[in-house]
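Protein chains: 2
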Amino acid sequence: MLQRTLIAHCKACGASVQYRLPDDGDTRERGVCTACHTIHYENPLNVVGTIPIWEGKVLLCKRNIEPRLGKWTLPAGFMELGETVAQGAARETQEEAGAQFELQDLFSLMNVVRVGQVHFFYRAKLLSDQFDPGHETMEARLFAEEDIPWDELAFRTVKETLMHYFADAKRHQFGFHQVDIS
Amino acid sequence: MLQRTLIAHCKACGASVQYRLPDDGDTRERGVCTACHTIHYENPLNVVGTIPIWEGKVLLCKRNIEPRLGKWTLPAGFMELGETVAQGAARETQEEAGAQFELQDLFSLMNVVRVGQVHFFYRAKLLSDQFDPGHETMEARLFAEEDIPWDELAFRTVKETLMHYFADAKRHQFGFHQVDIS
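Chains as they are written, first to last, in my numbering: chain A, 1 to 182; chain B, 183 to 364.
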């Protein structure tokens with residue numbers, strides 16, 4: 001899911017970039033342009049999605065794109081400029097599942113430090129069991145807890161979020177879960 | 183606080199970049215390299231910090247850097263690769279205030295859509311009232327609620343977080359606040 005490639009050239013002028021400590025007191029190496037001295041920062045990205053529920057069943061999407069083509073996931077994707085975390089989660093649910101839903105509370109915040117990502121999942125109440133998935137999804141299907149393809153899930157954060165979700169559902173009380181994925 | 187400049191050149195090969203719909207089904211214009219076709223994504227950034235408390239007073243830092251030089255802020259800064267949201271908040275508190283503290287719960291998540299940022303503040307319990315601020319801070323000082331320089335705060339998210347904090351403190355119950363800053 002990494003969207004990044006190493007910065008070799010300056011985005012401002014196109015000259016070559018050298019990784020070094022900038023001259024402004026920064027304590028981390030950054031890509032600094034050898035010609036115009038523009039500093040290129042690289043920071044974690046947010047991935048935003050939902051846990052869409054219909055009569056106790058969860059909506060999963062079978063991925064039609066790499067990575068993890070053919071694996072099952074909760075609808076989620078990279079947060080875009082111009083939207084809030086919640087708006088991004090709703091947009092991805094619309095795009096990947098074509099679902100009708102009502103967004104509920106933020107349920108999980110998961111740090112995936114190894115790939116420089118933070119994942120957020122909101123609970124969502126489905127308003128229909130009819131779906132119209134976009135091109136990124138082969139199939140959108142409702143799963144009862146006992147039918148979830150645990151070994152065919154696309155991402156650790158999806159698995160952890162689903163495990164917390166069904167544990168909370170049994171208690172009829174939904175928390176806010178912060179998890180670090182190693 | 184925007185770290186970004188428009189992408190004019192490709193980070194992979196240095197050729198010029200054109201903003202257009204990529205050929206992969208994406209529905210948003212991206213900077214696409216005219217030579218090697220690398221797609222350049224731009225996404226929101228996370229700003230992470232703390233609300234450090236000592237005997238009911240909050241630690242604020244007077245900014246020694248632009249933007250908002252000379253204004254007061256909670257210790258906070260851009261989340262870096264290689265750390266969790268909480269680790270970033272702790273690091274910024276150490277760097278900007280040189281404070282001894284114990285990190286507590288996540289208190290606020292604030293969408294600042296206009297500048298493409300999400301701000302996170304954790305509560306923190308100060309273990310000492312001695313501070314050793316870094317070069318980004320002119321002065322680190324404890325403020326009782328009635329002494330907070332409300333008109334001299336650096337950022338809307340800091341003001342909103344402090345308002346929620348003191349409201350919750352009066353109730354002796356701290357929530358998790360999600361706010362959209364327009």
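Where a beta carbon is used, it is the ideal one built from N, C-alpha and C, also for glycine. These figures come from a predicted structure and were not determined experimentally.
- Within the region 63-130 of chain A, the complete beta strand (DSSP E) segments of 3 residues or longer fall at 76-78, 101-112, 117-126, listed in chain order.
- In the displayed model, K193 of chain B falls within coil according to three-state DSSP, outside both helix and strand.
- In this structure, DSSP gives R210 of chain B a state outside helix and strand, which the three-state scheme calls coil.
- For the 8 Å CB-CB criterion, A8 of chain A and C61 of chain A do not form a contact.
- For H346 of chain B, the three-state secondary structure derived from DSSP is helix.
- Proximity of the region 46-54 of chain A to the region 15-25 of chain A falls short of the contact definition, fewer than three beta-carbon pairs being nearer than 8 Å.
- Non-local C-beta neighbours of P149 of chain A in its own chain, meaning closer than 7 Å and more than five positions away in sequence, comprise W72, ordered along the chain.
- G238 of chain B is not bridged by DSSP to any residue.
- Residues are counted here when their Cβ sits less than 9 Å from a Cβ of chain A; for the region 213-228 of chain B these are G213, T220, I221, H222, Y223, E224, N225, P226, L227, N228, given in chain order.
- E327 of chain B sits in a helix when the DSSP states are folded into three classes.
- Excluding sequence positions up to five before and after F313 of chain B, its CB lies within less than 6 Å of the CB of A279, G280, A281, A322, all in the same chain and listed in chain order.
- In this model, P257 of chain B and V361 of chain B are separated by some 19 Å (Cα to Cα).
- The beta carbon of G98 of chain A does not come within 8 Å of any beta carbon belonging to chain B, so the residue lies off that interface.
- Distance from the Cα of C10 of chain A is smallest, within the candidate group A:T38, A:R30, A:D26, A:D24, for A:T38.
- When DSSP states are grouped into helix, strand and coil, E318 of chain B belongs to the coil group.
- Under the three-state reduction of DSSP output, T157 of chain A falls in the helix class.
- Per the C-alpha coordinates, the member of B:S290, B:S364, B:R338, B:M320 positioned closest to D350 of chain B is B:S290.
- The shortest CA-to-CA distance from L251 of chain B to any of B:T343, B:F337, B:E342, B:H354 is the one to B:F337.
- In the DSSP assignment, Q178 of chain A falls within the beta strand (DSSP E) that extends over 177-181.
- Rounded to the nearest whole angstrom, the C-alpha separation of D206 of chain B and M320 of chain B is 49 Å.
- When the beta-carbon positions are compared, A272 of chain B and L263 of chain B stay at least 8 Å from each other.
- In chain order, E262 make up the part of chain B whose C-beta sits under 8 Å from the C-beta of R28 of chain A.
- Within chain A, the residues whose beta carbon sits less than 8 Å from that of D362 of chain B are T84, listed in sequence order.
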